[in-house]
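Read the structure below first, then the notes.
2 protein chains.
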Amino acid sequence: MTEKVSITGIRLGVAVAGIKTTDRKDLVVVELAEGGSCAAVFTRNAFCAAPVHVAKSHLQKNTPRYLLINSGNANAGTGEQGMQDAESSCRLLAEAAGCKAEEILPFSTGVIGINLPVEKMALAIPAALVDMKESGWEQAAEAIMTTDTRPKLATSHFEIDGVGVSVTGMAKGSGMIRPDMATMLAYLATDAAVAPELLQSALNVAVEPSFNSITVDGDTSTNDACILLASGSAGTPPIIDQGSEAYRKFSTAVSEVCLALAREIVRDGEGATKLVEVLVEEANDVAEAREVAYTIAHSPLVKTALFASDPNWGRILAAVGRADIPQLDIDRVEIWLDEVCIVRDGGRAGDYTEAAGQSVMDRSEFTIRIKLGRGSVSSRILTCDLSYDYVKINAEYRT
Amino acid sequence: MTEKVSITGIRLGVAVAGIKTTDRKDLVVVELAEGGSCAAVFTRNAFCAAPVHVAKSHLQKNTPRYLLINSGNANAGTGEQGMQDAESSCRLLAEAAGCKAEEILPFSTGVIGINLPVEKMALAIPAALVDMKESGWEQAAEAIMTTDTRPKLATSHFEIDGVGVSVTGMAKGSGMIRPDMATMLAYLATDAAVAPELLQSALNVAVEPSFNSITVDGDTSTNDACILLASGSAGTPPIIDQGSEAYRKFSTAVSEVCLALAREIVRDGEGATKLVEVLVEEANDVAEAREVAYTIAHSPLVKTALFASDPNWGRILAAVGRADIPQLDIDRVEIWLDEVCIVRDGGRAGDYTEAAGQSVMDRSEFTIRIKLGRGSVSSRILTCDLSYDYVKINAEYRT
Chain A
3 MTEKVSITGI RLGVAVAGIK TTDRKDLVVV ELAEGGSCAA VFTRNAFCAA PVHVAKSHLQ
63 KNTPRYLLIN SGNANAGTGE QGMQDAESSC RLLAEAAGCK AEEILPFSTG VIGINLPVEK
123 MALAIPAALV DMKESGWEQA AEAIMTTDTR PKLATSHFEI DGVGVSVTGM AKGSGMIRPD
183 MATMLAYLAT DAAVAPELLQ SALNVAVEPS FNSITVDGDT STNDACILLA SGSAGTPPII
243 DQGSEAYRKF STAVSEVCLA LAREIVRDGE GATKLVEVLV EEANDVAEAR EVAYTIAHSP
303 LVKTALFASD PNWGRILAAV GRADIPQLDI DRVEIWLDEV CIVRDGGRAG DYTEAAGQSV
363 MDRSEFTIRI KLGRGSVSSR ILTCDLSYDY VKINAEYRT
Chain B
3 MTEKVSITGI RLGVAVAGIK TTDRKDLVVV ELAEGGSCAA VFTRNAFCAA PVHVAKSHLQ
63 KNTPRYLLIN SGNANAGTGE QGMQDAESSC RLLAEAAGCK AEEILPFSTG VIGINLPVEK
123 MALAIPAALV DMKESGWEQA AEAIMTTDTR PKLATSHFEI DGVGVSVTGM AKGSGMIRPD
183 MATMLAYLAT DAAVAPELLQ SALNVAVEPS FNSITVDGDT STNDACILLA SGSAGTPPII
243 DQGSEAYRKF STAVSEVCLA LAREIVRDGE GATKLVEVLV EEANDVAEAR EVAYTIAHSP
303 LVKTALFASD PNWGRILAAV GRADIPQLDI DRVEIWLDEV CIVRDGGRAG DYTEAAGQSV
363 MDRSEFTIRI KLGRGSVSSR ILTCDLSYDY VKINAEYRT
């Protein structure tokens, strides 16, 4: 993204709190203009982190004025102390910023099971507040990174009554990526004015085919959250009607930004060298389409074959066969790699050649398409390969 | 296993057919004495291989006299040609051995989607028949290997009416290991005389806690099969009563051999450096205990932490939290590494120390124990870690 991004009514500041072992920026404060609105979705992991509990609780009481984000420590698996630490960090920012602690949503990402170093955050929060600016997106996207190799930003523009408005988002996430209702920290904002229930509706619609349809390693995080802020600073009339043209444009823009960020997360998956779409067609329902898609996307044998650019399609076939689908008739199943049909009528397609399969596998992005021959429902997810670097990153990562 | 194994009434011969690209033995013929009995379980993968279809069909018509096993080619995903090839290979052995083709069960293991080179098997079958001997177990166990690094054999002895009888088994399997009803080629034999239905009963009981409770990579094979032969050559009275002492001893011996072979398969899992038991206790039912156990065992983040001997228990906690268990109360969950409690009351145990966790993780074998605090049902599975070598083996393996 070379484009300069900013959303009027949204300011972002960063600081070095020293939570990460390295000397990187690891604290972000995001400010929402007064009168703005906020929508959110969170992880469904039963062990959801302390900041997730606190953020949900605060959201029920107030429209937030600030987001307080740290990387380097997830404040998950930290029990009662973790809850106190998350509340303490909110109080620190509230005092410095002059608002109520309940108007702050806390977010944490990093290692699980270590207490949050609140005293380090206390020293960094004033610095982050001094740093606040509307042009702060790029450095904020960097500050929320953990094993990410690059910041992830996306923007979509549209018009309401001839006035240009924008939706911008940033996300982080590289490992422990199989979001369930949201992803590991994504923040979107718009300068449009949007009624809270429509903001939530647009976010819910956007999250399903984007963040909720990607997987790096199948490990749903304890800290996943996706936030959409609307500052209303563009001066456009409030979006209050779900049937309006303005809502349709806005919802589309939110979906575009979520999808772009989700693709970036998979493309930057830990150790990833390939971006692979798994498209399952002709299913009876979405549940069975997704069961087949995730079985393929989570198969270590399929993922290592992707890494090797090896058209070892027997592994894809075996994954389809073991998916939890009652009475699958394999004679009706087709498996395609982009334009190349590899399996038809229960076995290798007659016109399949290894050279044709290899030509697709050599691509850095391609689609594995499964036709189940059972119904008319489709579903697609995005995944990546499993490389030496995935093992290296996760055998060595502890910060 | 230094012990010499043999079962009277069972002879095994091996040969080099040239199906593997290397010059290794890759063809095995197993002969069952006339009057013997046979029990079998097969994979539930919907894309089950041609030899699985043929073996099931032949089993319904006859008690088998021979097993014909090749490594290097799975004859899976090969459609109608695969069925013809499996039948042809049986006919070739039937002619050479002087029996009906329906008295032969074919088994294949190796790469998926390549037609079986039946002509190569035709040349090797006579050599294997010449090689037949009761002491042929070790070399047969070697000949069925693919990515295995060592042969797997186990034996259990017991007495019936003062006469010593034995159960011996061999197995192969290293990757694509999450058996569902059986494992990638295991063959057991006894010299006891056992009624076919009791043979099947003992096998079914033995397979659940052994082969059906191990996972290397979650990938259920297309070719899994487990066969139990009874020659009756020991001269002991036939086991025909499920309530008898003889059946109880026999069933225990079969279970012991299956468990020993299953452990060997995980210990020799592709790239494995650790053997880890995942024990889930206090579940409401077996299904939820196994859901939690497999979610942990299949988590790439947990598996890479095991490889690194890193007590990064947050990954175990996150896996428990994302398991598909309705309304899990995390405050009742405990997580233990052997004798060390790491999680209690929803967070890190007060007395947990990194040094204590490290001391368990440094072991080559240990137990991850989860107490769910919901009921009284337990289940255990065996798994291994995910190492650089797993990626190496599966990014380079094609034969």
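Sequences listed follow chains A and B, in order.
Quick note: the first sequence, position 354, residue 356 per this note's numbering, numbers continuous.
Quick note: the second sequence, position 86, residue 88 per this note's numbering, numbers continuous.
A virtual CB, placed ideally from N, CA and C, is assigned to each residue, including glycine.
Computed from a prediction, not measured in an experiment: that's the story for all the values here.
Where does the unbroken alpha helix (DSSP H) through residue 139 of chain B begin, and where does it stop? 139 to 145
When you compare the CB of residue 357 of chain A with every CB in chain B, is at least one pair closer than 7 Å? no
Between the CA atoms of residue 299 of chain A and residue 152 of chain A - distance to the nearest angstrom: 23 Å
Quick one: Cα of residue 314 of chain A to Cα of residue 114 of chain B, how far? 8 Å
Would you list, in sequence order, the uninterrupted alpha helix (DSSP H) runs of no fewer than 4 residues that lie entirely inside the stretch 279 to 355 of chain A? 288 to 300, 302 to 309 and 316 to 324
For residue 49 of chain A, which three-state DSSP category applies? coil
Please name the residues in the stretch 36 to 49 of chain B whose beta-carbon is closer than 7 Å to at least one beta-carbon of chain A, in chain order. 47, 48 and 49
Is residue 361 of chain A close to chain B? Criterion is C-beta to C-beta, closer than 7 Å. no
Any beta carbon from chain B within less than 7 Å of residue 110 of chain A's own beta carbon? no
Residue 172 of chain A bridges to which residues according to DSSP? A:155 and A:189
Since residue 1 of chain B is in the beta strand (DSSP E), which residue starts that stretch and which ends it? This structure leaves residue 1 of chain B out entirely; chain B is present only between 3 and 401.
Using DSSP with H/G/I as helix, E/B as strand and the rest coil, what is residue 183 of chain B? Confidence at residue 183 of chain B is low in this model, with a pLDDT of 49, below 50, so its placement is unreliable and no value can be given for it.
Per-residue DSSP class, three states only, for residue 92 of chain A: helix
Would you mind working out which of A:35, A:163, A:78 and A:388 sits nearest residue 332 of chain B, comparing C-alpha positions? A:78
Any Cβ of chain B within less than 7 Å of the Cβ of residue 25 of chain A? no
Check the C-beta distance from residue 171 of chain B over to residue 259 of chain B and give it rounded, since I have them as a contact under 8 Å. 4 Å
Relative to the C-alpha of residue 85 of chain B, which residue among B:110, B:177, B:278 and B:275 is closest? B:110
Quick check on DSSP: helix, strand or coil for residue 101 of chain A? coil
Burial state of residue 97 of chain A (16 or more Cβ within 10 Å): exposed
According to DSSP, residue 108 of chain B sits in a beta bridge with which residue or residues? B:70
Tell me the DSSP bridge mates of residue 166 of chain A? A:161
When burial is assigned at 16 or more other CB atoms within 10 Å of the CB, is residue 289 of chain B buried or exposed? exposed
Provide the residue(s) that pair with residue 17 of chain B in DSSP beta bridges, ordered along the chain. B:29
Rounded separation between residue 64 of chain A and residue 296 of chain B - CA only: 40 Å
Measuring CB to CB, does residue 74 of chain A end up less than 7 Å from residue 21 of chain A? yes
Min CB distance residue 54 of chain B to chain A below 7 Å: no
Would you kindly work out how many angstroms separate the C-alpha atoms of residue 204 of chain B and residue 251 of chain B, rounded to a whole number? 10 Å
Taking residue 114 of chain B as the query, report the chain A residues whose CB atoms sit under 9 Å from its CB, ordered along the chain. 314, 315, 316, 317, 319 and 320
Residues that residue 309 of chain A contacts on chain B, provided the C-beta gap is smaller than 8 Å: 393 and 397
Please decide whether residue 91 of chain B counts as near chain A, where near means a Cβ-Cβ distance under 7 Å. no
Does the beta-carbon distance from residue 42 of chain B to residue 242 of chain B come in below 7 Å? no
Using 10 angstroms around the beta-carbon of residue 208 of chain A, count the other beta-carbons present and answer buried if the total reaches 16, otherwise exposed. buried
Determine the chain A residues that contact residue 223 of chain B at a beta-carbon separation under 8 Å, and present them in chain order. 320
Is the CB of residue 240 of chain A under 7 Å away from at least one CB in chain B? no
Looking only at its own chain, which residues have a Cβ that is under 7 Å from the Cβ of residue 7 of chain B, when we skip the five neighbours before and after it? 139, 155, 157 and 170
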